[in-house]
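Sequential numbering of the sequence shown, starting at 1, is according to the UniProt record's numbering.
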Amino acid sequence: MLQDYKLEIGFDNCSYDSPYLVEGCANSCITLIIDSEKFPTLQSKKNVQEELQNVIKAELAKIKWIIYNDVNLEFFWYFSCLRKKESDKIGDLDNLIKPIIDTFSGCNGIFIDDSQIGSINSLWMSRDVSSSRNSILKLCIHFNNDDCCIKENMRFVQIEKQMYAVYNFDINSINDLHCILILHHIQRKRRKNFEKMLQENPNIDVDTN
């Protein structure tokens, strides 16, 4: 039986087209509100998990940019207190989160991979069930909009063996290619300087991004 998922998306200082709306304000947030009778867990069958994942992916695919640095996630679950405490109809929060996080990464997602997740906060609250017995998830994705890239013409350029940088450029543009070569050279030189600093001062804290 297919689950009925109702999804609403909200933007704070960002939109489908742009990671920021206010010049000089680096904080942005995407909010997803999902209403459903039941949410899949990590132990649910693959096709059951994919029902929810496909709904989320379809919405995220409309976003024309991607985050390439840290993101912070907040999950607010609104459950029937009776169903949460007195039955097994609602899974543990950790098991509920994983199928959802899997939808966020990749070229059609909102960030590149799970290693960018800086923090995950999850809590549940009792909801008023007088109008509906459905569960509701409010999910907030917080990020720095300086660390975003337009998906169109997005490229991964190798800096080192296991290190890549994200750039946005047209491979058919000589001017774009020239600029990327300069940026690539600067990035490699910067990383070498940081590595030298770490060798000389092992306890120093540096950001190589």
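Even for Gly, the Cβ is constructed at its ideal location relative to N, Cα and C.
Remember, predicted model here, so these are calculated numbers, not experimental data.
Range of the contiguous beta strand (DSSP E) that encloses residue i
{"i": "leucine 96", "result": "That residue, leucine 96, is in no beta strand (DSSP E); its alpha helix (DSSP H) goes 93–101."}
{"i": "glutamine 158", "result": "154–160"}
{"i": "cysteine 148", "result": "148–150"}
{"i": "isoleucine 67", "result": "65–67"}
Straight-line gap, residue i to residue j (C-alpha atoms, nearest Å)
{"i": "aspartate 12", "j": "serine 135", "result": "24 angstroms"}
{"i": "leucine 183", "j": "proline 19", "result": "22 angstroms"}
{"i": "methionine 197", "j": "asparagine 203", "result": "10 angstroms"}
{"i": "lysine 57", "j": "glycine 109", "result": "7 angstroms"}
{"i": "phenylalanine 194", "j": "phenylalanine 79", "result": "48 angstroms"}
{"i": "isoleucine 100", "j": "phenylalanine 39", "result": "10 angstroms"}
{"i": "cysteine 179", "j": "phenylalanine 156", "result": "15 angstroms"}
{"i": "tyrosine 164", "j": "glutamine 43", "result": "34 angstroms"}
{"i": "histidine 142", "j": "leucine 21", "result": "15 angstroms"}
{"i": "arginine 127", "j": "valine 48", "result": "24 angstroms"}
{"i": "arginine 188", "j": "valine 55", "result": "40 angstroms"}
{"i": "valine 166", "j": "lysine 98", "result": "26 angstroms"}
{"i": "cysteine 14", "j": "phenylalanine 111", "result": "15 angstroms"}
{"i": "asparagine 201", "j": "arginine 133", "result": "58 angstroms"}
{"i": "glutamate 50", "j": "glutamate 37", "result": "16 angstroms"}
{"i": "glutamate 23", "j": "threonine 31", "result": "21 angstroms"}
Residue i and residue j closer than 8 angstroms at C-beta
{"i": "asparagine 72", "j": "glycine 10", "result": "no"}
{"i": "asparagine 168", "j": "methionine 154", "result": "yes"}
{"i": "isoleucine 33", "j": "lysine 138", "result": "yes"}
{"i": "aspartate 4", "j": "asparagine 69", "result": "no"}
{"i": "leucine 96", "j": "glutamate 59", "result": "no"}
{"i": "glutamate 74", "j": "asparagine 121", "result": "yes"}
{"i": "leucine 177", "j": "isoleucine 186", "result": "no"}
Residues bridged to residue i [DSSP beta-bridge criterion]
{"i": "methionine 197", "result": "Looking at the DSSP assignment, methionine 197 forms no beta bridge with any residue, so it has no partner."}
{"i": "glycine 10", "result": "Thr31"}
{"i": "asparagine 72", "result": "Ser119 and His142"}
{"i": "leucine 137", "result": "Ile34 and Trp77"}
{"i": "valine 166", "result": "Phe156"}
{"i": "serine 126", "result": "Phe79"}
{"i": "serine 105", "result": "Phe111"}
8 angstroms contact criterion, which residue i and residue j should meet: CB distance rounded
{"i": "lysine 64", "j": "isoleucine 150", "result": "6 angstroms"}
{"i": "aspartate 113", "j": "serine 105", "result": "5 angstroms"}
{"i": "cysteine 140", "j": "cysteine 29", "result": "6 angstroms"}
{"i": "isoleucine 67", "j": "glutamine 116", "result": "7 angstroms"}
{"i": "aspartate 102", "j": "glutamine 53", "result": "7 angstroms"}
{"i": "tyrosine 16", "j": "lysine 62", "result": "5 angstroms"}
CB contact below 8 angstroms: residue i versus chain C
{"i": "isoleucine 110", "result": "Considering every chain present, this structure includes no chain C. It has just one protein chain."}
Where the alpha helix (DSSP H) containing residue i begins and where it ends
{"i": "isoleucine 56", "result": "46–60"}
Any non-hydrogen atom of the ligand SAM closer than 7 angstroms to residue i Cβ
{"i": "serine 135", "result": "Absence of the ligand SAM is noted for the structure shown, with no ligands found whatsoever."}
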